[in-house]
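Asker: When we follow this note's numbering, the leftmost residue of the sequence shown carries the number 278, and every step to the right adds one.
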Amino acid sequence: MNLLFPGSFDPPHLGHLDLITRGAALGGRLVVAVAVHPDKRGWLPVEHRVSLLRACCAHLARVEVATYQGATLHFARERHLDALLRGVRSAADLDHERAMAEHHRQLGLDTILLLAPGALAHLSSSFVRQVHAAGLGIEALVPPAVAAALTAPPP
Ligand code: ADP
Numbered sequence: 278m279n280l281l282f283p284g285s286f287d288p289p290h291l292g293h294l295d296l297i298t299r300g301a302a303l304g305g306r307l308v309v310a311v312a313v314h315p316d317k318r319g320w321l322p323v324e325h326r327v328s329l330l331r332a333c334c335a336h337l338a339r340v341e342v343a344t345y346q347g348a349t350l351h352f353a354r355e356r357h358l359d360a361l362l363r364g365v366r367s368a369a370d371l372d373h374e375r376a377m378a379e380h381h382r383q384l385g386l387d388t389i390l391l392l393a394p395g396a397l398a399h400l401s402s403s404f405v406r407q408v409h410a411a412g413l414g415i416e417a418l419v420p421p422a423v424a425a426a427l428t429a430p431p432p
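#1: Quick check on His351: buried or exposed, where buried means 16 or more other Cβ atoms within 10 Å of its Cβ?
#2: Determine, using beta-carbon pairs with one atom in the stretch 284-303 and one in the stretch 413-423, whether at least three such pairs fall under 8 angstroms.
#3: Going by DSSP in three states, Phe352 sits in which element: helix, strand or coil?
#4: Throw me the rounded Cβ distance for the Leu303 and Met278 pair, which I believe falls under 8 angstroms.
#5: Should Val342 and Val323 be called a contact, given that it needs their Cβ atoms to be closer than 8 angstroms?
#6: Which complete alpha helix (DSSP H) runs does the stretch 385-430 hold, if anything under 4 residues is left out?
#7: Report back the beta-carbon spacing between Leu280 and Ala360 to the nearest angstrom; my notes put them in contact at under 8 angstroms.
#8: Nearer than 7 angstroms: is that true of the beta carbon of Asp372 relative to any heavy atom of ligand 1?
#9: Just confirm the distance between the C-beta atoms of Ala378 and Thr388, as a whole number of angstroms; I'd bet it's less than 8 angstroms.
#10: Just curious, the alpha helix (DSSP H) that Ala378 is in, first and last residue?
#11: Is the Cβ-Cβ distance between Pro394 and Gln346 less than 8 angstroms?
#12: Checking 8 angstroms against the spacing of the C-beta atoms, do Val423 and Cys333 come in under that value?
#13: Tell whether a beta-carbon distance below 8 angstroms holds between Ser402 and Phe286.
#14: In terms of residues, what are the limits of the alpha helix (DSSP H) holding Gly292?
#15: Over what stretch of residues does the alpha helix (DSSP H) that includes Ala310 continue unbroken?
#16: Buried or exposed for Leu413, going by 16 or more other Cβ atoms inside 10 Å?
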């Protein structure tokens, strides 16, 4: 089964990488796709998020990184992907993911939900951004490639 893992990944963190690693181990192709909202400026430029994701996933043979605009459903169809992959950290996440999953299921696209391991369940991109903004180290929160890129001294 070929899967699509859509998200903002702003920035990618260890919770995302855990999900990507486990999704890739399910056996098929896994497309990790940064959703682009032209009217919303994120924290990192989309191209930077893509290059960080590529660096984090370089060791995973069946993982591709892409971007898309518009409906996730249309992108999944275009790439011939069979189901969505999403993560669940909390009851709030589950409520949100359930609504999205039901919506997609009615349109013919199923969703696989994987539970975050306890040690990663507190992690979100916004938490990483807050820690970074406070000038604290993010090495324990993100893959080494992301920590290196975000803590590099200015040229
Ligand atoms: P975030 O919520 O960290 O900003 P995204 O919007 O990019 O991340 O979310 C993309 C997907 O990754 C969602 O399904 C979300 O539930 C999942 N995800 C985010 N953080 C984690 C985590 N710590 N563990 C498992 N899944 C996660």
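We treat Cβ as the ideally placed atom computed from N, Cα and C, and that holds for glycine.
Answerer: Taking the geometry as given:
#1: Here residue 351 refers to the residue found at position 74 when the sequence shown is read from its first residue. Result: exposed.
#2: yes
#3: Against the sequence shown, residue 352 aligns to sequence position 75. The answer is helix: DSSP assigns Phe352 an H, G or I state.
#4: Counting from 1 along the sequence shown, the entry for residue 303 is found at position 26. Counting from 1 along the sequence shown, the entry for residue 278 is found at position 1. Contact flag correct, Cβ pair sits at about 7 angstroms.
#5: Residue 342 sits at position 65 when you count from the first residue of the sequence shown. Residue 323 sits at position 46 when you count from the first residue of the sequence shown. Against a cut-off of 8 angstroms, the Cβ pair of Val323 and Val342 comes out as no contact.
#6: 402-410, 421-428
#7: As a position in the sequence shown, residue 280 is number 3, starting the count at 1. As a position in the sequence shown, residue 360 is number 83, starting the count at 1. Indeed, because the Cβ distance is near 6 angstroms, the residues count as touching under 8 angstroms.
#8: On the sequence shown, residue 372 is found 95 positions in, with the first residue counted as 1. Outside the cutoff, so no.
#9: Sequence index remark: in the sequence shown, residue 378 carries index 101 (1-based). Sequence index remark: in the sequence shown, residue 388 carries index 111 (1-based). With 8 angstroms as the limit, Ala378 and Thr388 qualify as a contact, their Cβ atoms being about 4 angstroms apart.
#10: Here the question's residue 378 lines up with position 101 in the sequence shown. Residues 368-383.
#11: If you number the sequence shown from 1, residue 394 lands on position 117. If you number the sequence shown from 1, residue 346 lands on position 69. Not closer than 8 angstroms, so no.
#12: Walking along the sequence shown from the start, residue 423 turns up at place 146. Walking along the sequence shown from the start, residue 333 turns up at place 56. Cβ atoms of Val423 and Cys333: closer than 8 angstroms.
#13: Position 125 of the sequence shown, counting from 1, holds the residue named residue 402. Position 9 of the sequence shown, counting from 1, holds the residue named residue 286. In contact: Ser402 and Phe286 (Cβ atoms closer than 8 angstroms).
#14: Here residue 292 corresponds to residue number 15 of the sequence shown, with the count starting at 1. 291-301 is the extent of the alpha helix (DSSP H) around Gly292.
#15: For the purposes of this step, residue 310 is identified with residue 33 of the sequence shown, where counting begins at 1. Careful: Ala310 lies outside any alpha helix (DSSP H), inside the beta strand (DSSP E) at 307-313.
#16: By one-based count along the sequence shown, residue 413 stands at place 136. Exposed, because fewer than 16 other Cβ atoms sit within 10 Å of the Cβ of Leu413.
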